[in-house]
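Take a look at the structure below.
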Amino acid sequence: MKLLIVDDSLVIRNKISRSLLSRFAKVERAENGRQALESAKKELPDLITMDLTMPEMGGVECIRHMVTVAPKAAILVVSALSDKHTAITALKYGANGFLCKPFTESDLQSAIEQVLKVAGQR
Amino acid sequence: MAIVFGWVELPVGRGKLVVFSKLFGKYRFLVISIALFIIFDLGVLILNFYTSGRIAEQTELINLAARQSTLSQQMSKATLYIKSQKLQQWVYQSGLEELRSHYTLFGETLNALTHGGRATSTETGEKIHVDPVTTERGRFLLSQANQLWSGFETAISPLMKDTLITDEEIKPASEFIARNNLVLFDLMTQLTDHFSHEAEAQTTLLRRAQVAGISLATINFFVILFHFLKQLRTRDRRLELKQHESDQLLASIDDGVCLVDANLRIGLQHSGRLEEIFGTNQIAGRKFAAFLNRYVTESTARSAHDFISLYFKQHVSPDLIGDLNPLKEVKAFVEAPSGKHEEKFLNFSFAPLVQEDGETVLLVTVQDITDRVKLRSTQEASETKMHTQLALFSQILPINPDELRLFIDQGMSSLAKVNQVLKSQRGQAQSIAESLTQIMPLAHRVKGDARSIGLTTLGEQVHAFEEDIALLLQRAKAEPLSGRDVLPLTVELKQIIENIELLKSLCERLQQYGIRYDQSVTNQGAKALAGPTMPPAINQRWHGLQTMVDEIAAEQGVAAMLDVRGFEHPLPRHVEQSLYSMAVQLVRNSLAHGIESADGRRANRKPSVGRIQLALSDDGQGNYRFVVEDDGRGFDYAAIERAVKAQHAEPAVDRALSKAELLKFVFTESFSTKTQADATAGRGVGLPLVWDLAKQIGAKVQVRSVAKEFTQFIFLFSCSSQVDDSPLNAKVA
Numbered sequence: 002m003k004l005l006i007v008d009d010s011l012v013i014r015n016k017i018s019r020s021l022l023s024r025f026a027k028v029e030r031a032e033n034g035r036q037a038l039e040s041a042k043k044e045l046p047d048l049i050t051m052d053l054t055m056p057e058m059g060g061v062e063c064i065r066h067m068v069t070v071a072p073k074a075a076i077l078v079v080s081a082l083s084d085k086h087t088a089i090t091a092l093k094y095g096a097n098g099f100l101c102k103p104f105t106e107s108d109l110q111s112a113i114e115q116v117l118k119v120a121g122q123r
Numbered sequence: 071m072a073i074v075f076g077w078v079e080l081p082v083g084r085g086k087l088v089v090f091s092k093l094f095g096k097y098r099f100l101v102i103s104i105a106l107f108i109i110f111d112l113g114v115l116i117l118n119f120y121t122s123g124r125i126a127e128q129t130e131l132i133n134l135a136a137r138q139s140t141l142s143q144q145m146s147k148a149t150l151y152i153k154s155q156k157l158q159q160w161v162y163q164s165g166l167e168e169l170r171s172h173y174t175l176f177g178e179t180l181n182a183l184t185h186g187g188r189a190t191s192t193e194t195g196e197k198i199h200v201d202p203v204t205t206e207r208g209r210f211l212l213s214q215a216n217q218l219w220s221g222f223e224t225a226i227s228p229l230m231k232d233t234l235i236t237d238e239e240i241k242p243a244s245e246f247i248a249r250n251n252l253v254l255f256d257l258m259t260q261l262t263d264h265f266s267h268e269a270e271a272q273t274t275l276l277r278r279a280q281v282a283g284i285s286l287a288t289i290n291f292f293v294i295l296f297h298f299l300k301q302l303r304t305r306d307r308r309l310e311l312k313q314h315e316s317d318q319l320l321a322s323i324d325d326g327v328c329l330v331d332a333n334l335r336i337g338l339q340h341s342g343r344l345e346e347i348f349g350t351n352q353i354a355g356r357k358f359a360a361f362l363n364r365y366v367t368e369s370t371a372r373s374a375h376d377f378i379s380l381y382f383k384q385h386v387s388p389d390l391i392g393d394l395n396p397l398k399e400v401k402a403f404v405e406a407p408s409g410k411h412e413e414k415f416l417n418f419s420f421a422p423l424v425q426e427d428g429e430t431v432l433l434v435t436v437q438d439i440t441d442r443v444k445l446r447s448t449q450e451a452s453e454t455k456m457h458t459q460l461a462l463f464s465q466i467l468p469i470n471p472d473e474l475r476l477f478i479d480q481g482m483s484s485l486a487k488v489n490q491v492l493k494s495q496r497g498q499a500q501s502i503a504e505s506l507t508q509i510m511p512l513a514h515r516v517k518g519d520a521r522s523i524g525l526t527t528l529g530e531q532v533h534a535f536e537e538d539i540a541l542l543l544q545r546a547k548a549e550p551l552s553g554r555d556v557l558p559l560t561v562e563l564k565q566i567i568e569n570i571e572l573l574k575s576l577c578e579r580l581q582q583y584g585i586r587y588d589q590s591v592t593n594q595g596a597k598a599l600a601g602p603t604m605p606p607a608i609n610q611r612w613h614g615l616q617t618m619v620d621e622i623a624a625e626q627g628v629a630a631m632l633d634v635r636g637f638e639h640p641l642p643r644h645v646e647q648s649l650y651s652m653a654v655q656l657v658r659n660s661l662a663h664g665i666e667s668a669d670g671r672r673a674n675r676k677p678s679v680g681r682i683q684l685a686l687s688d689d690g691q692g693n694y695r696f697v698v699e700d701d702g703r704g705f706d707y708a709a710i711e712r713a714v715k716a717q718h719a720e721p722a723v724d725r726a727l728s729k730a731e732l733l734k735f736v737f738t739e740s741f742s743t744k745t746q747a748d749a750t751a752g753r754g755v756g757l758p759l760v761w762d763l764a765k766q767i768g769a770k771v772q773v774r775s776v777a778k779e780f781t782q783f784i785f786l787f788s789c790s791s792q793v794d795d796s797p798l799n800a801k802v803a
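So the protein sequences, as listed, match chains D and X. Counting from 2, one number per residue, gives the positions in the first sequence under our numbering. Counting from 71, one number per residue, gives the positions in the second sequence under our numbering.
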């Protein structure tokens with residue numbers, strides 16, 4: 002399985018990567034939506050963790066395109082609760098679940114189980 | 071896979087099996103009844119078809135037998151005719167041909183009836199197949215007829231030759247026919263009657279079968295009818311019982327409960343508590359978001375609509391969206407029976423339920439948590455109040471009592487105006503926005519004055535109040551405001567006024583206890599470069615500004631020293647207070663916009679610590695000159711022009727603007743070159759406030775500024791001068 006971590010924060014990218022390294026054969030990282038789309042075109046990831054507020058291209062815009070670029074990928078939005086409406090919009094556009102920052106490793110593992118499950122049922 | 075359907079085993083797939091067993095299980099009785107109905111009808115139809123065929127055959131037999139009777143008579147008649155013609159030596163050929171024809175037809179028919187075979191139809195004259203007669207009576211009559219017919223054959227056969235018939239041949243034939251003709255006729259008549267009886271029996275059987283079939287079908291129909299009526303009655307009773315039980319259950323639930331379907335419409339049943347919470351019984355069948363819109367803000371209702379629609383999207387995990395619920399501890403305004411709007415705090419929670427038919431519905435639970443939230447906020451408010459009181463107490467100790475009293479009087483007066491403006495707004499969107507614009511500078515002045523004498527806690531409280539006004543003004547640009555939006559401001563204002571009253575009472579109490587705390591004051595203003603002849607009280611008041619300069623300079627990452635000159639002669643109180651407030655705003659502006667960072671100043675070959683000068687002088691005739699000057703970066707007219715053009719789309723500003731025009735914007739409008747407001751500056755309220763204060767004391771304003779060098783504000787006024795509405799006599803350097 003392949004994982005794509007999309008977040009402009011190096012700390013968050015490292016945290017997610019450390020937590021999920023054992024579970025995924027390949028882990029790709031992107032700092033914004035544009036990089037994420039380029040990476041997804043090449044790698045076709047199984048799971049994408051997506052921040053919402055990023056430079057160049059934000060998470061909502063990226064998800065809108067991602068559902069056609071990697072339609073089988075499960076998408077977990079990982080963001081702060083500062084703008085609930087943006088997160089709701091991201092879910093409307095095709096994200097499968099939401100995980101609030103800050104999060105623990107077990108929160109992340111459990112959220113990933115859930116999104117992989119619903120994405121598998123599509 | 072196979073399923074036993076009654077007694078028939080049907081091979082079916084897994085899906086079909088489920089459907090079949092479902093249908094067969096639930097509607098077993100109906101399926102069997104309909105099958106029986108069809109079987110009865112089909113049985114009657116087949117019997118009808120078969121018997122009709124038999125009756126048709128029987129009719130043909132009746133006709134054949136009747137023709138045999140006639141033929142026997144006609145053969146006798148033909149024989150007698152031949153005999154009489156022969157006696158008179160006449161031609162008898164036609165009689166002979168008739169006899170031959172009748173003889174052949176009779177023989178053929180009798181043979182067909184006896185052994186089966188071909189016979190000539192009585193109706194069409196064509197050859198038809200006839201089955202041998204099998205009934206006992208029929209066989210008996212035919213056997214008698216055949217015995218007799220063999221005699222007829224013996225007697226008539228000599229007449230069948232082609233040669234001439236002799237008298238010896240005709241006589242025995244005529245005698246035999248005359249003797250036996252009636253017997254043969256009688257036998258054939260009996261055969262006809264027998265066939266008629268047989269046909270009648272068939273008809274009776276058919277009629278009985280039809281009656282039986284229809285009767286069974288009718289009985290079956292009534293059995294189905296009664297069965298279903300019974301089932302309906304049972305089901306109705308169960309439904310009534312269920313309805314009663316669910317009504318009792320819904321009435322006893324402490325929370326508001328209802329279901330919302332995939333069209334986001336509220337279900338027909340809900341708990342009684344839901345009606346109590348929203349004060350209405352018009353809930354069932356309404357669109358959830360439209361219903362909610364009456365109680366919460368439009369944006370919350372819209373978010374709620376988008377949020378709950380996620381529960382019906384297959385790609386979204388319902389367990390991972392709870393954090394986004396916009397209706398968690400939501401503030402709602404519910405109309406009380408008295409007609410007044412009551413503020414409530416509600417907590418909505420959602421749980422998707424999958425029904426038997428596979429459809430998802432959302433179980434919505436609404437809790438009224440007003441008491442809990444109010445208790446919590448009362449506790450928080452009480453804690454905040456306690457901390458504020460402690461902070462205020464510690465902050466007033468170093469303040470000169472005269473300065474504090476001056477601030478209290480001035481502050482109370484400004485806040486009373488704010489209160490009056492808020493009360494007088496008529497609840498219309500435009501009136502609200504105007505009121506907010508009106509109170510903004512008043513609040514700004516109180517904030518500046520509070521911070522200038524070291525009342526930082528109160529300053530922060532007024533800053534929060536100012537922030538909320540700014541947010542509402544921002545919203546007013548996007549959507550019309552209602553009176554409800556202003557309510558939180560009145561609560562905040564009340565708290566600020568309470569705190570100033572508390573200051574007053576603390577001040578009075580301290581004086582009551584004889585604590586001359588003002589004597590011990592050696593505030594940081596001592597650092598200020600005070601004029602040697604300045605009277606002590608005024609000296610201290612203006613010195614106090616250095617404390618504010620230090621605090622704001624630290625916040626802005628700069629360093630500045632305050633230079634206070636003049637103030638030898640006391641001024642009228644209102645004039646002195648206005649000058650002080652103007653100085654506060656201009657000093658804040660200098661620190662936010664003028665004084666550069668230490669590095670920036672060194673780059674411009676200036677001392678690393680900035681200098682702000684406040685100077686008051688007079689000509690002895692009552693004409694005063696008040697100067698506020700800093701050695702900062704000066705006005706950035708290019709940035710001001712960019713900001714003016716960004717905020718004004720009208721053609722009036724679509725050209726190069728003069729410095730005087732730009733200054734007019736800066737002094738008269740909510741305008742700032744800062745992109746982000748902070749506690750010090752950025753709202754564009756400070757300079758319009760200075761403008762208003764200058765207007766109040768009838769001062770003329772002059773502005774001089776040189777880029778990278780200095781900015782100077784000069785206020786020329788006379789203590790006896792009248793208030794002038796247009797004080798700007800801007801001289802721009």
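Cβ coordinates follow ideal geometry from the N, Cα and C atoms, glycine included.
{"Query": "Exposed or buried, which one is Met604(X) when buried takes at least 16 other CB atoms within 10 Å?", "Result": "Annotation note: pLDDT 41 at Met604(X) (below 50); position unreliable, no value reported."}
{"Query": "Between the region 520-531 of chain X and the region 339-352 of chain X, are three or more C-beta pairs nearer than 8 Å?", "Result": "no"}
{"Query": "Cβ closer than 7 Å: which chain X residues qualify as neighbours of Ala112(D)?", "Result": "Leu390"}
{"Query": "How many Å lie between Ile539(X) and Gln500(X) at the Cα?", "Result": "15 Å"}
{"Query": "At the level of alpha carbons, what is the spacing between Asn250(X) and Ala225(X)?", "Result": "11 Å"}
{"Query": "Residues of the region 375-389 of chain X in Cβ contact with chain D at a cutoff of 7 Å, in chain order, please.", "Result": "Asp376, Phe377, Leu380, Gln384, His385, Val386, Ser387, Asp389"}
{"Query": "So, at 8 Å on beta carbons, what are the nonlocal neighbours of Asp111(X) in its own chain, with the 5 sequence-adjacent residues on each side left out?", "Result": "Gly283, Ala287"}
{"Query": "Can you grab the Cα-Cα spacing for the pair Gln589(X) / Ser369(X), in whole Å?", "Result": "Low local confidence applies: a pLDDT of 43 at Gln589(X) is under 50, so the model's placement there is unreliable, with the coordinate-based value given in what follows. Looking at the two C-alpha atoms, the distance is approximately 56 Å."}
{"Query": "Between Tyr587(X) and the rest of its own chain, which residues show a CB-CB distance below 7 Å, the 5 nearest in sequence each way excluded?", "Result": "With a pLDDT of only 47 at Tyr587(X), under the threshold of 50, the placement of this residue in the model should not be trusted, and no figure is reported."}
{"Query": "With a CB to CB cut of under 6 Å and the five nearest residues on each side skipped, what residues in its chain are close to Asn133(X)?", "Result": "Thr192"}
{"Query": "Please classify Arg681(X): does DSSP put it in a helix, a strand, or coil?", "Result": "strand"}
{"Query": "CA-CA distance, Arg515(X) and Met652(X)?", "Result": "9 Å"}
{"Query": "For Ala41(D), does the count of other Cβ atoms within 10 angstroms reach 16, so buried, or fall short, so exposed?", "Result": "buried"}
{"Query": "Around the C-beta of Ser379(X), are 16 or more other C-beta atoms found within 10 angstroms, so that it is buried, or is it exposed?", "Result": "buried"}
{"Query": "Measure the Cβ-Cβ separation of Val679(X) and Met631(X) and say whether it is below 8 Å.", "Result": "yes"}
{"Query": "State the DSSP-derived secondary structure class of Leu580(X), mapped to helix, strand or coil.", "Result": "helix"}
{"Query": "On the criterion of 16 or more Cβ atoms from any shown chain inside 10 Å, does Ile116(X) qualify as buried, or is it exposed?", "Result": "exposed"}
{"Query": "I'd like the ranges of any alpha helix (DSSP H) spanning at least 4 consecutive residues and lying wholly in the region 281-308 of chain X.", "Result": "none"}
{"Query": "When the Cα atoms are used, what is the spatial distance from Ser111(D) to Asp438(X)?", "Result": "31 Å"}
{"Query": "Val63(D) versus chain X: which residues are under 7 Å apart at the beta carbon?", "Result": "What sits at residue 63(D) in the sequence shown is Cys, not Val. Going along chain X, no residue has its Cβ under 7 Å from Cys63(D), so there is no contact; the nearest lies around 16 Å."}
{"Query": "Since Val698(X) and Leu661(X) are thought to touch, with beta carbons under 8 Å apart, how far apart are those beta carbons, to the nearest angstrom?", "Result": "Not confirmed; about 12 Å, so no contact."}
{"Query": "Between Ile17(D) and chain X, is there a C-beta pair that is closer than 8 Å?", "Result": "no"}
{"Query": "Mapping DSSP to helix, strand and coil, what is Lys197(X)?", "Result": "strand"}
{"Query": "Count the other C-beta atoms from every protein chain shown that fall within 10 angstroms of the C-beta of Phe176(X), then say buried if there are 16 or more, exposed otherwise.", "Result": "buried"}
{"Query": "For Phe422(X), list the residues DSSP reports as bridge partners.", "Result": "Contrary to the premise, residue 422(X) reads as Pro rather than Phe in this sequence. Pro422(X) is bridged to Leu432(X)."}
{"Query": "DSSP has Cys101(D) in a bridge; who is on the other side?", "Result": "Ser80(D)"}
{"Query": "Quickly, what does DSSP pair Leu506(X) with across the bridge? List them, please.", "Result": "None, per the DSSP bridge assignment."}
{"Query": "Taking Cβ positions only, does Ala88(D) come closer than 8 Å to chain X?", "Result": "yes"}
{"Query": "Which residues in the same chain have their Cβ closer than 7 Å to the Cβ of Gly756(X), if we skip the five residues on either side of it in sequence?", "Result": "His514, Gln655, Arg658, Asn659"}
{"Query": "So, at 7 Å on beta carbons, what are the nonlocal neighbours of Ser667(X) in its own chain, with the 5 sequence-adjacent residues on each side left out?", "Result": "Gly627, Val628"}
{"Query": "Alpha carbon to alpha carbon, how far is Pro103(D) from Asn333(X)?", "Result": "34 Å"}
{"Query": "Count the other C-beta atoms from every protein chain shown that fall within 10 angstroms of the C-beta of His25(X), then say buried if there are 16 or more, exposed otherwise.", "Result": "Beyond the ends of chain X as shown, which are 71 and 803, falls residue 25(X); an answer cannot be given."}
{"Query": "When you compare each of Arg442(X), Ile104(X), Thr121(X) to Leu276(X) by their alpha carbons, which one comes out closest?", "Result": "Thr121(X)"}
{"Query": "Could you check how far apart the C-beta atoms of Ile336(X) and Ala354(X) are, in whole angstroms? I think they sit under 8 Å.", "Result": "6 Å"}
{"Query": "In terms of residues, what are the limits of the alpha helix (DSSP H) holding Ala225(X)?", "Result": "206-226"}
{"Query": "Taking 8 Å as the threshold (C-beta atoms), are Val561(X) and Ile502(X) in contact?", "Result": "no"}
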